[in-house]
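There are 2 protein chains.
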Amino acid sequence: MRVILPAGTTETALIEGISAAGAAPALMAHTPSADVEILEYGRPTQSPVTPVSPSGCPTPAAITRAVREVVGFDVSVVDAGLSEPTAAPTVDVGATPGRDIRDPVAVPDASSIYDRAREFGASLPDEALLIGETVPGGTTTALALLTALDEPADVSSSLPANPLEQKRVVVEDALDESGLEAGACVGDPLEAIRAVGDPVQPTVAGIAAGALEAGIEVTLAGGTQMVAVAAALRHAGLEAPLSIATTSFVADERDGGLQAACDRLDCDLVVTDPGFDARDHVAMNRYCAGEAKEGVAMGGALSLVPDGEMATVRDQFETIYARLGMGDGESVDGGLPDRSPADDAGDPDAPATEGGRGS
Amino acid sequence: MRVILPAGTTETALIEGISAAGAAPALMAHTPSADVEILEYGRPTQSPVTPVSPSGCPTPAAITRAVREVVGFDVSVVDAGLSEPTAAPTVDVGATPGRDIRDPVAVPDASSIYDRAREFGASLPDEALLIGETVPGGTTTALALLTALDEPADVSSSLPANPLEQKRVVVEDALDESGLEAGACVGDPLEAIRAVGDPVQPTVAGIAAGALEAGIEVTLAGGTQMVAVAAALRHAGLEAPLSIATTSFVADERDGGLQAACDRLDCDLVVTDPGFDARDHVAMNRYCAGEAKEGVAMGGALSLVPDGEMATVRDQFETIYARLGMGDGESVDGGLPDRSPADDAGDPDAPATEGGRGS
Chain L
1 MRVILPAGTT
11 ETALIEGISA
21 AGAAPALMAH
31 TPSADVEILE
41 YGRPTQSPVT
51 PVSPSGCPTP
61 AAITRAVREV
71 VGFDVSVVDA
81 GLSEPTAAPT
91 VDVGATPGRD
101 IRDPVAVPDA
111 SSIYDRAREF
121 GASLPDEALL
131 IGETVPGGTT
141 TALALLTALD
151 EPADVSSSLP
161 ANPLEQKRVV
171 VEDALDESGL
181 EAGACVGDPL
191 EAIRAVGDPV
201 QPTVAGIAAG
211 ALEAGIEVTL
221 AGGTQMVAVA
231 AALRHAGLEA
241 PLSIATTSFV
251 ADERDGGLQA
261 ACDRLDCDLV
271 VTDPGFDARD
281 HVAMNRYCAG
291 EAKEGVAMGG
301 ALSLVPDGEM
311 ATVRDQFETI
321 YARLGMGDGE
331 SVDGGLPDRS
341 PADDAGDPDA
351 PATEGGRGS
Chain B
1 MRVILPAGTT
11 ETALIEGISA
21 AGAAPALMAH
31 TPSADVEILE
41 YGRPTQSPVT
51 PVSPSGCPTP
61 AAITRAVREV
71 VGFDVSVVDA
81 GLSEPTAAPT
91 VDVGATPGRD
101 IRDPVAVPDA
111 SSIYDRAREF
121 GASLPDEALL
131 IGETVPGGTT
141 TALALLTALD
151 EPADVSSSLP
161 ANPLEQKRVV
171 VEDALDESGL
181 EAGACVGDPL
191 EAIRAVGDPV
201 QPTVAGIAAG
211 ALEAGIEVTL
221 AGGTQMVAVA
231 AALRHAGLEA
241 PLSIATTSFV
251 ADERDGGLQA
261 ACDRLDCDLV
271 VTDPGFDARD
281 HVAMNRYCAG
291 EAKEGVAMGG
301 ALSLVPDGEM
311 ATVRDQFETI
321 YARLGMGDGE
331 SVDGGLPDRS
341 PADDAGDPDA
351 PATEGGRGS
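Residue numbers (full-length UniProt numbering), protein chains in the order written: chain L, 1 to 359; chain B, 1 to 359.
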């Protein structure tokens, strides 16, 4: 099994209140670069940060890596518009960082990125692929893409309290600035992405389309962002079978809405619960409290874990958490974080408290 | 274990008679791009050729991949000056294709490539690395580097009849054009590489230097090209333990000379024989006849094969040979190639007869 990980950025993540509150914008740009180093090497190697939420919830990359260390799968990272260097090897599809979706054009090269990604996908020798993503701000651009395609627009968030209303205002502005109305791009997903999307979307969609045309089985590994990509593929006329694999954290938040979205798009839905509620580990507690939820192919990777091996994945996640310099994971007060966000922000010795996923 | 594979090009490979006779220059430029696709995916995916010598001897990448499919090791490809696109993920160290060493400056950015490669090497989390190379023309640039450093200059070749005299003439011209005499760069290896080297050399040397400084064990996987890199490292003042791992094909050709070179440079030498003489397979026969010999970390990869597993590697090499569309490997006439080079060149249906390693 190969996991493809398109990693990119969009200036949309810098919009206040959408991005993880308190995270320095300059550091957030490192998040996808650091995520792919964690996936490739087991920890950030040249990136200056370990991505965590403001309250210290570690990036889903740590969990995807834990699965990789237990199950063993190939990884191919695709540069889908990184804005900071990474020491992970990346495939080039000509993508550059995405602009703020409130600019008239968000992804000028959406079509050429899609074409190159499609060629890459079609060339792969694998029988099955999982395609994930890491892009701060990605749920906002997903909302914009769904809106432009006139699909039910309802997205998840890496924050426990989803700032959905604010995202809707941003999307409204974005469509206005592009001279589009909601639903204006039905049947033309690349135009929608060009106007109000991000560069990871045409990369994932192109790889998926190419691979499906080559007879490769494709699973989109993610939550609502992958619903948006699946919608783009269906609007492009692609009828091949398609699956979405995500975490129970996304599925639970969406309360049946995710299944409905998948039904509408004729996608199979696979939901995996990593069983984090079985442990009193501070990071697992935070996931159970609704932080992070998904990203960096986490749900797809979890779907590869054989029956009976999930406890080993949790053990490995604890090991990686410690390796990332985040402590021993012991929580106090019945599962609450052992340090408050305020403590984190003010502690100059805190090894990994900056950055954030931003969506 | 991680295998790092810097892959690059130098226009030096285009000098007539040094490169594999008959190989079209435009195709040879694809060799390293295709090699890393074979290592990553098991066959060329987007590259238009499977690299073979004019007589049909397949690239060592096929053997390194066979070892990977049996033993399983991580691979990180580094773009050390590729001139054609590759679908393999690559690490960026800012390298561009090398110029003809008879130009006044062959690698203008040798120092910055070295610095970035060193940073990359120092950042890696591994306990041990194997560092290989794929660069057509690389033994000629190795000869030039050794000559500029006043080290005994005696290199191997991917051709059965080593055009060593011709290489020496090229190196003499190269030094002349750079205003240097043999031995002019003693103690200044980056100046030697800048003048008469190739971009793979500062990449390998930089990664090795950074890794050694970080306490990572380093094995240079290759033959005389790695002797040249080891010489560069020693001339840079690096005193850490260093190993070279190569194939019996290189060691046998060099008749004790390789061990002497390693002794002089205080390097351990590991030689592995893949036992190709145990089979009557056309590709293995060609290796036994002195073609290709080494490259794409072949010798280093072979050194990872546990006792008793080499027959499995040979089986896997046969599988890959067939997968590459090169036939079933059956030879006729007691081990001679089943098609002559002339047949290959004239057969429009031949799936894999172009390119070549060129050094």
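Virtual Cβ for every residue (Gly too), placed ideally from N, Cα, C. Just so it is clear, the structure is predicted and the values come from calculations on it, not from any experiment.
Cβ-based burial, residue i [other Cβ within 10 Å; buried from 16]
i	result
L:Asp44	Looking at the sequence itself, residue 44 of chain L is Pro, so the reference to Asp does not match. Under this definition L:Pro44 is a buried residue.
B:Ala142	buried
B:Gly206	buried
L:Leu336	Any answer about L:Leu336 is weak, because its pLDDT of 37 lies below 50 and its placement is not dependable; what the coordinates show is given next. It is exposed - the Cβ of L:Leu336 has fewer than 16 other Cβ atoms within 10 Å.
B:Glu127	exposed
L:Leu5	buried
L:Gly17	exposed
B:Asp35	buried
B:Gly132	buried
L:Asp176	exposed
B:Gly121	buried
B:Glu37	buried
B:Glu213	exposed
L:Gly334	Here the model assigns L:Gly334 a pLDDT of 39, short of 50, so the residue's position is not dependable, and the following value carries that caveat. The residue in question, L:Gly334, is exposed, as its Cβ has fewer than 16 Cβ neighbours within 10 Å.
L:Gly187	exposed
B:Asp343	With a pLDDT of 35 at B:Asp343, under the threshold of 50, the modelled position of that residue is not reliable, and no figure is offered here.
B:Glu165	exposed
B:Glu330	exposed
residue 361 of chain L	The structure shown does not extend to residue 361 of chain L, since chain L spans only 1 to 359, so no value can be given for it.
L:Ala278	exposed
B:Gly210	buried
B:Gly308	exposed
L:Ala322	exposed
B:Gly42	buried
When the options are compared against residue i, the one with the closest alpha-carbon
i	options	result
L:Asp103	L:Arg194, L:Pro152, L:Glu119, L:Phe73	L:Arg194
residue 362 of chain L	L:Gly137, L:Arg254, L:Pro32	Outside the shown range of chain L (1 to 359) lies residue 362 of chain L, about which nothing can therefore be said.
L:Ser156	L:Asp280, L:Ala144, L:Leu124, L:Asp266	L:Ala144
L:Ala88	B:Leu304, B:Asp176, B:Asp79	B:Asp79
B:Gln201	B:Thr10, B:Arg2, B:Ala211	B:Thr10
B:Asp173	B:Arg279, B:Cys57, B:Ile101, B:Ser243	B:Ile101
B:Ala7	B:Ile63, B:Pro199, B:Leu130	B:Pro199
L:Pro306	L:Asp280, L:Asp273, L:Arg279, L:Tyr321	L:Asp273
B:Val250	B:Asn162, B:Met310, B:Asp263, B:Arg68	B:Asn162
L:Leu190	L:Val218, L:Ser112, L:Cys262, L:Gly256	L:Ser112
L:Thr312	L:Ala26, L:Leu27, L:Arg2, L:Ile63	L:Ile63
L:Arg65	L:Asp328, L:Gly329, L:Glu318, L:Ser158	L:Glu318
L:Ser76	L:Ile15, L:Ala278, L:Leu27, L:Leu124	L:Leu124
B:Asp74	L:Cys288, L:Arg116, L:Leu39, L:Ala301	L:Leu39
L:Met284	L:Met1, L:Cys57, L:Leu14, L:Ala29	L:Cys57
L:Glu84	L:Glu119, L:Asp252, L:Ala26	L:Ala26
L:Ser158	L:Ala29, L:Arg118, L:Arg286	L:Arg286
CB-CB length for residue i against residue j, believed under 8 Å
i	j	result
L:Ala61	L:Gly197	With 8 Å as the limit, L:Ala61 and L:Gly197 do not qualify as a contact, their Cβ atoms being about 23 Å apart.
B:Arg234	B:Leu265	5 Å
L:Gly81	L:Gly98	6 Å
L:Ser53	L:Ala292	6 Å
B:Val270	B:Ser303	5 Å
B:Gly290	B:Pro160	4 Å
B:Leu242	B:Ala260	At roughly 16 Å, the Cβ-Cβ gap does not stay under 8 Å, so B:Leu242 and B:Ala260 are not in contact.
B:Thr134	B:Pro32	4 Å
L:Thr86	B:Thr90	Incorrect: roughly 11 Å between the Cβ atoms, too far for contact.
B:Ala95	B:Thr203	6 Å
Where residue i meets chain L, residues with beta-carbon distance less than 9 Å
i	result
B:Leu124	Tyr41, Thr45, Ala87
Cross-chain neighbours of residue i in chain B, by beta carbon under 7 Å
i	result
L:Ser76	Pro89
L:Phe317	Those within 7 Å of L:Phe317 in chain B number zero; the least Cβ separation is about 17 Å.
Interface residues of chain L facing residue i [CB-CB closer than 8 Å]
i	result
B:Phe276	None at all; the shortest Cβ gap to chain L is about 25 Å.
Under 9 Å from the C-beta of residue i: neighbouring residues of chain B
i	result
L:Glu119	Gln46, Ala87
Per the contact definition of three or more C-beta pairs closer than 8 Å, is the region 217-224 of chain L in contact with the region 293-302 of chain L? Two segments are said to touch when three or more pairs of C-beta atoms, one from each, lie closer than 8 Å; by this definition the region 293-302 of chain L touches the region 217-224 of chain L.
Okay, do the region 39-54 of chain L and the region 237-254 of chain L touch, 3+ Cβ pairs below 8 Å being the bar? Short answer: they don't touch.
Inter-stretch contact at 8 Å, needing at least 3 Cβ pairs: the region 178-186 of chain B / the region 147-156 of chain B: Yes, the region 178-186 of chain B touches the region 147-156 of chain B.
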